[in-house]
Amino acid sequence: MARLLILVLALLTSSTAAQSQSLIFGTSDPTISIHSNFSGETITLFGNIEPNVDGTMPEGSYNVIFVIRGPVEERVVRRKTRQFGIMLNADHALFTGLPSFYRVLSSGPIEAILDPEIIAERNLTAMAQAELALTETSGNVELFEAELVRLMTNANLFRTDERGVAFLSPTFFTTRVVLPANVPNGIFLAQALVVQDGQIVAERAQRFFVQKSGFERFLGEAAIDQPLLYGLACVALALVTGWLGGVLFRR
């Protein structure tokens, strides 16, 4: 909490020292550590709209849209059919370059505060992310795109909250992003878009990191850097565990 207060104070006081900037944007914690008991985390994003060069604030009110993207991944969606009483894979769709986490938060309904052409141009919807990532399919395109969005939404990895941004003053805004327990590791990109009269008038981006720590990080790195030794160690551990189990049950 003390670190967050320091960041907020620095954000507010810097507005007089950097009048050439239109927007200042920060995060409460640049690094999220995942331990064995990790059950999710909440990160706070905040920003301040800067005055004009002459020190005056532009007229009118603002809205803000936050877009958070996780590291990209590849996903396959399959459709199963029953044949001779057995469920078998039928059509499939391959999605590459898909954000493993995608969250949009705004201070109002996005279609009401931002020009529809800009929404389409910026690919701000979850469906747009699916459309961009679709690489190949042997079935109905729209069906598979909708199914991907449904699966990612049910896993709490895709979500839109059109009341998720709050203004604490006419220019200072904040939001809280909930990272679920199944959040992927990697670099996350958070974008803040300031909207006025349906147009984006300022934007900034900020990165934060989600990474395993402790013994979990050691295991993950070993599996990637030394796959052969990692595999042998797993086999040895399984053999020892089986042997111990046999000894205990004989007694």
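Under this note's numbering, the residue at position 56 of the sequence shown is numbered 138, and the numbers go up by one with no gaps. Glycine included, C-beta positions come from ideal geometry on N, C-alpha and C.
Report the three-state DSSP secondary structure of residue i (helix, strand or coil).
{"i": "R204", "result": "helix"}
{"i": "F226", "result": "helix"}
{"i": "T253", "result": "coil"}
{"i": "A305", "result": "Because the pLDDT of A305 is 49, which lies under 50, any placement of that residue in the model is unreliable, and the number read from its coordinates should be weighed accordingly. Three-state DSSP puts A305 in a helix."}
{"i": "V265", "result": "coil"}
{"i": "E199", "result": "helix"}
{"i": "E218", "result": "strand"}
{"i": "L314", "result": "helix"}
{"i": "L239", "result": "coil"}
{"i": "R160", "result": "strand"}
{"i": "L93", "result": "Because the pLDDT of L93 is 44, which lies under 50, any placement of that residue in the model is unreliable, and the question is left without a value."}
{"i": "L321", "result": "helix"}
Smallest Cα separation from residue i: which of the options?
{"i": "T256", "options": "N264, R245, E229, V265", "result": "R245"}
{"i": "V186", "options": "V260, V159, G179, I114", "result": "V260"}
{"i": "T242", "options": "D197, I168, R232, I200", "result": "R232"}
{"i": "V292", "options": "Y144, R151, I106, S143", "result": "R151"}
{"i": "G122", "options": "L271, Q281, P262, G129", "result": "P262"}
{"i": "N205", "options": "P191, E218, N222, Y184", "result": "Y184"}
{"i": "L239", "options": "S251, D173, A208", "result": "A208"}
{"i": "V340", "options": "I200, A175, E156", "result": "Because residue 340 is not part of the residues shown, which for the chain are 83 to 333, the question remains open."}
{"i": "F254", "options": "V146, I114, I125", "result": "V146"}
{"i": "G179", "options": "A194, E156, P191", "result": "E156"}
{"i": "S110", "options": "S104, A274, F128", "result": "F128"}
{"i": "F148", "options": "V317, Q288, L321", "result": "Q288"}
{"i": "A175", "options": "T163, A210, N222, N134", "result": "N222"}
{"i": "T124", "options": "P112, V135, N134", "result": "P112"}
{"i": "S143", "options": "G280, T217, L230, A210", "result": "G280"}
{"i": "I106", "options": "L321, I114, A272", "result": "A272"}
{"i": "N126", "options": "A248, L321, I269", "result": "It is Thr, not Asn, that sits at residue 126 in the sequence shown. Considering only alpha carbons, the answer is A248."}
{"i": "L116", "options": "P266, A194, D173", "result": "Going by the sequence as given, residue 116 is Ile instead of Leu. Nearest of P266, A194, D173 to I116, Cα basis: P266."}
Buried or exposed for residue i, going by 16 or more other Cβ atoms inside 10 Å?
{"i": "V276", "result": "buried"}
{"i": "A92", "result": "Because A92 carries a pLDDT of 44, less than 50, the predicted location of this residue cannot be relied on, and the following value inherits that uncertainty. The residue is exposed, with fewer than 16 neighbouring Cβ atoms inside 10 Å."}
{"i": "G137", "result": "exposed"}
{"i": "M234", "result": "buried"}
{"i": "P181", "result": "buried"}
{"i": "A215", "result": "buried"}
{"i": "E132", "result": "buried"}
{"i": "S189", "result": "buried"}
{"i": "N130", "result": "buried"}
{"i": "G108", "result": "buried"}
{"i": "E227", "result": "buried"}
{"i": "N264", "result": "exposed"}
{"i": "V317", "result": "exposed"}
{"i": "S274", "result": "Looking at the sequence itself, residue 274 is Ala, so the reference to Ser does not match. Flag for A274 reads buried."}
{"i": "L319", "result": "exposed"}
{"i": "I135", "result": "Checking the sequence, you will find Val at residue 135 rather than Ile. Label assigned to V135: exposed."}
{"i": "L230", "result": "buried"}
Can you tell me which residues form a DSSP beta bridge with residue i?
{"i": "V277", "result": "N145, I282"}
{"i": "P181", "result": "V154"}
{"i": "Q293", "result": "S115"}
{"i": "A287", "result": "Q273"}
{"i": "V260", "result": "T124"}
{"i": "S188", "result": "I147"}
{"i": "L176", "result": "V158, E218"}
{"i": "V247", "result": "T257"}
**Report entry** Continuous beta strand (DSSP E) assignments of at least 3 residues falling wholly in the segment 101–151
**Finding:** DSSP assignment within the segment 101–151 yields the following whole beta strand (DSSP E) runs of 3 residues or more, N-terminal first: 105–109, 113–116, 123–131, 145–151.
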